[in-house]
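Worksheet: one structure, shown below.
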Amino acid sequence: MQIFIAFLLAIVFFSLQAKAKDPKLIWFTEDYPPFNYHVNGNVEGIAINALKTIYRDLNWDFDPKEVMLLPWPRAYHMTLANHNACIFSMTYTEERAKLFQFVGPAMDNHVAIIGHKETDYQLSDLTSLGALKVGVVKNDIGHQLLRQAGVSKESLVFLASGFELVQMLKLKRIDLIAYGDVIARYQFKRAGIDPSHFRIVLPLRSSYLGFACNQGVRKRLIEKMNKALKTIKRREPEIFDPEYFYSKVE
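Numbering (our numbering), first residue to last: 24 to 273.
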């Protein structure tokens, strides 16, 4: 009997140990296809698949309820305000690395000024914008890069999402958008707009997307997630490829 009780206590102990090692993080994200987006009440995409794989490899329990899809400005603010919060997918910059702890690189991201092919805009740099209006999502990497370059607020049109950016660009209510190239192309497709009618007018930044956590998250957790991510990228590089992802879901 004593042996049986000891066995039960051991099971309880190891169960508690297993639960104790779960990170209990809150994850914020936005509509940013193909990396993260909303489908039938769930968050889908390349980044969420990568995150689930990180959790699986670390033997952590993944709870979909701990992932909240919000407009980017609110998700960004909520991550900065909560010590156990993380956000994805975030483009890495040196400025953001001072505010967040990054898990990455996960996926490549090329940010650019994008416009209609039929227009003759020729921008040598951002000082050439003149009276042109550029659509941005507040605190998105496109907005931050323009702000850092000294582009005036009067030149910017703030919209809630990338989906709205491409719609407004098609309707010519804005002249240009500052956004990730891959994401813009998929937003065009979602909006029923032919991406081939648009072009990169001016490249802004080539970087990578990753997962970014509040500075209050334990550094040991960040180290574990980074180590797991590196292993997964070597083992399953295809799951980070947008073309491979869409070939599986279309």
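Beta carbons: idealized from backbone N, C-alpha and C, even for Gly.
Query - Cβ separation of D54 and F186, assumed to be a contact under 8 Å, to the nearest whole Å - result: Right, their Cβ atoms sit about 6 Å apart.
Query - C-alpha distance - M24 paired with M101, whole-angstrom precision - result: Legend: pLDDT at M24 = 44, less than 50; position of this residue unreliable, value from coordinates given subsequently. In a straight line, the C-alpha of M24 is about 52 Å away from that of M101.
Requested in this report: Could you tell me which residues DSSP pairs with A135 in its beta bridges?
Outcome: Y202 and P226
Requested in this report: Look at the alpha carbon of K47 and the alpha carbon of M248, and state the distance between them as a whole number of angstroms.
Outcome: K47 and M248 have their C-alpha atoms spaced approximately 13 Å apart.
**Report entry** Pairwise C-alpha distance: G153 and I164
**Finding:** 21 Å
**Report entry** Cα-Cα separation between K250 and P57, rounded to whole angstroms
**Finding:** Just so you know, the alpha carbons of K250 and P57 end up roughly 24 Å apart.
Query raised in the report: Terminal residues of the continuous alpha helix (DSSP H) containing W50?
Result: Looking at the DSSP string, W50 is not in any alpha helix (DSSP H); the run it does join, the beta strand (DSSP E), is I49 to T52.
**Report entry** Contact belief for V189 with L168 at Cβ below 8 Å, rounded distance in angstroms
**Finding:** 18 Å between Cβ atoms; not a contact.
Query - Any beta strand (DSSP E) of 3 or more consecutive residues that is wholly inside the region 225-265 - result: none
Query raised in the report: Are the CB atoms of F268 and C109 nearer to each other than 7 Å?
Result: no
Query raised in the report: Measuring CB to CB, does V180 end up less than 7 Å from I197?
Result: yes
Query raised in the report: Sorted by chain position, which residues of the same chain lie with C-beta nearer than 6 Å to L31's C-beta, five sequence neighbours on each side aside?
Result: Any reading at L31 must be qualified, since the residue scores a pLDDT of 35, below 50, and its modelled position is unreliable; no value is offered.
Query raised in the report: With V174 and L149 assumed to form a contact (beta carbons below 8 Å), what rounded beta-carbon distance in angstroms separates them?
Result: 6 Å
Query raised in the report: V2 to D80, Cα distance in whole Å?
Result: Outside the displayed range of the chain (24 to 273) lies residue 2, so it cannot be described from this structure.
Report task. Take G239 and list the residues in its own chain whose beta-carbon comes closer than 6 Å to its own, dropping the five residues that flank it on each side. Result -> Excluding sequence neighbours, G239 sits near H106.
Query raised in the report: Taking just the CA atoms, how far does Y60 sit from V66?
Result: 5 Å
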